[in-house]
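Peer 1:
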Amino acid sequence: DAKTTQPTSMDCAEGRAANLPCNHSTISGNEYVYWYRQIHSQGPQYIIHGLKNNETNEMASLIITEDRKSSTLILPHATLRDTAVYYCIVRGITTSGTYKYIFGTGTRLKVLA
Amino acid sequence: KAGVTQTPRYLIKTRGQQVTLSCSPISGHRSVSWYQQTPGQGLQFLFEYFSETQRNKGNFPGRFSGRQFSNSRSEMNVSTLELGDSALYLCASSLGGENEKLFFGSGTQLSVL
Chain A
1 DAKTTQPTSM DCAEGRAANL PCNHSTISGN EYVYWYRQIH SQGPQYIIHG
51 LKNNETNEMA SLIITEDRKS STLILPHATL RDTAVYYCIV RGITTSGTYK
101 YIFGTGTRLK VLA
Chain B
1 KAGVTQTPRY LIKTRGQQVT LSCSPISGHR SVSWYQQTPG QGLQFLFEYF
51 SETQRNKGNF PGRFSGRQFS NSRSEMNVST LELGDSALYL CASSLGGENE
101 KLFFGSGTQL SVL
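This is the structure we're talking about:
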């Protein structure tokens with residue numbers, strides 16, 4: 001199973017872009033990169049996902065390197081409400097053909113006023 | 001559309017007891033997966049059910065079991081509780097396909113005394 005490595009914590013000034021890196025050097029060709037975030041005492045919330053192309057939605061942008069060994073989640077204008085733990089996850093197919101998410105330990109992002 | 005509902009929200013049990021947690025997925029979602037979250041181990045995958053069949057399982061002992069009903073509602077059972085089972089148990093639902101995102105409930109906080 002592909003593993004992910006993320007920095008333990010990061011700070012970002014309110015209004016600035018938050019760039020959260022993730023390393024997934026053992027990712028396979030058919031495995032997707034997903035990002036979720038978890039605000040204290042709530043369930044994780046989906047942010048964005050991609051396979052090999054960069055993706056953008058109303059919440060964030062996902063930049064995946066050409067070799068797919070790493071990615072960066074970009075929150076373009078961070079607000080205090082973006083303070084959360086951000087998980088980079090690789091979703092892969094098991095040998096039996098089913099799907100499984102592997103959650104890393106996440107990055108604790110603190111947005112500072 | 002109603003979100004994923006988990007009951008109860010909080011639970012206190014003693015060692016040796018058993019516990020059943022419930023999860024109602026988003027209407028139309030056929031996949032329900034369960035996760036255990038602890039401060040030390042992070043989010044760990046327990047198992048996934050799709051159309052009443054377990055189609056994937058994590059590395060947890062047999063004391064952890066689950067099932068899914070015809071209406072896609074799922075239950076998770078832990079028998080012979082141990083202190084280390086104290087955790088936030090999260091349930092997530094999805095349509096179950098290859099490129100799907102998970103929708104999480106708020107979890108059940110289990111404390112084993």
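Protein chains in written order, with my numbering: chain A, 1 to 113; chain B, 1 to 113. Every residue gets a Cβ at the ideal spot worked out from N, C-alpha and C, and that includes glycine. Keep in mind the model is a prediction, meaning the values are calculated, not measured.
List the residues of chain B that A:P21 touches, going by C-beta distances under 7 Å, in chain order.
Peer 2: In chain order: nothing, as chain B lies at least about 18 Å away.
Peer 1: What did DSSP end up calling B:G62 once you bin it into helix, strand or coil?
Peer 2: B:G62: coil per DSSP, three-state reduction.
Peer 1: Along the chain, which unbroken stretches of the beta strand (DSSP E) at least 3 residues long are found entirely within the stretch 53-112 of chain B?
Peer 2: Here the runs fully enclosed are 53-57, 64-68, 74-78, 87-94 and 108-112.
Peer 1: Quick one: is A:K110 near chain B, going by C-beta distance under 7 Å?
Peer 2: So, not an interface residue.
Peer 1: Using the rule of at least 16 other Cβ atoms within 10 Å of the residue's Cβ for burial, across every protein chain shown, is B:R63 buried or exposed?
Peer 2: B:R63 comes out exposed.
Peer 1: Just grab the DSSP bridge partners of A:N23 for me.
Peer 2: DSSP lists A:T5 and A:S70 as partners of A:N23.
Peer 1: From B:N77 to A:H77, what does the alpha carbon distance come to, in whole angstroms?
Peer 2: Roughly 42 Å separates the two Cα atoms.
Peer 1: At what residues does the beta strand (DSSP E) containing A:L62 begin and finish?
Peer 2: Per DSSP, A:L62 belongs to the beta strand (DSSP E) from S61 to I64.
Peer 1: Would you call the stretch 94-107 of chain A and the stretch 60-68 of chain A touching, i.e. three or more CB-CB distances under 8 Å?
Peer 2: Because the criterion of three Cβ pairs below 8 Å is not met, the stretch 94-107 of chain A and the stretch 60-68 of chain A do not touch.
Peer 1: Quick one: what does DSSP say B:L11 is sitting in, helix, strand or coil?
Peer 2: DSSP places B:L11 in strand when its eight states are reduced to three.
Peer 1: Kindly indicate which residue of A:T83, A:Y86, A:R37 and A:Q6 has the alpha-carbon position closest to the one of A:T24.
Peer 2: It is worth fixing the name first, because residue 24 of chain A is His in this sequence and not Thr. For A:H24, the nearest C-alpha among the options comes from A:Q6.
Peer 1: State the DSSP-derived secondary structure class of A:R91, mapped to helix, strand or coil.
Peer 2: Residue state, collapsed to three classes: strand.
Peer 1: Is it right to say B:A2 is buried, meaning 16 or more other beta carbons lie within 10 angstroms of its own, or is it exposed?
Peer 2: Exposed, since its Cβ has fewer than 16 Cβ neighbours within 10 Å.
Peer 1: Who are A:D11's beta bridge partners in DSSP?
Peer 2: In DSSP, A:D11 forms a bridge with A:K110.
Peer 1: When you compare the CB positions of A:I48 and A:N54, do they come within less than 7 Å of one another, or not?
Peer 2: Result no, Cβ atoms of A:I48 and A:N54 do not sit closer than 7 Å.
Peer 1: Considering Cα atoms alone, identify which of B:Y89, B:L88 and B:F103 is closest to B:L95.
Peer 2: Considering only alpha carbons, the answer is B:F103.
Peer 1: Taking 8 Å as the threshold, find out whether the stretch 18-38 of chain B comes into contact with the stretch 73-91 of chain B through three or more Cβ pairs.
Peer 2: Touching, yes.
Peer 1: Could you check whether A:W35 and A:L75 sit closer than 7 Å to each other, using their CB atoms as the reference points?
Peer 2: No, the Cβ-Cβ distance between A:L75 and A:W35 is not below 7 Å.
Peer 1: Since B:Q36 is in the beta strand (DSSP E), which residue starts that stretch and which ends it?
Peer 2: S31 to T38 is the span of the beta strand (DSSP E), which, as asked, contains B:Q36.
Peer 1: Kindly identify the DSSP beta-bridge partner or partners of A:L51.
Peer 2: According to DSSP, which records beta bridges pairwise, A:L51 is partnered with nothing at all.
Peer 1: Do B:A87 and B:T7 have their CB atoms nearer than 7 Å?
Peer 2: No.
Peer 1: Going by the CB atoms, is the gap between B:L83 and B:G107 shorter than 7 Å?
Peer 2: Taking 7 Å as the Cβ cut-off, B:G107 and B:L83 do not qualify as a contacting pair.
Peer 1: Taking A:A113 as the reference, which of A:C22, A:T83 and A:N57 has the closest Cα?
Peer 2: Here the closest residue by C-alpha is A:T83.
Peer 1: To the nearest angstrom, how far is it from the Cα of A:E58 to the Cα of A:K3?
Peer 2: Roughly 27 Å separates the two Cα atoms.
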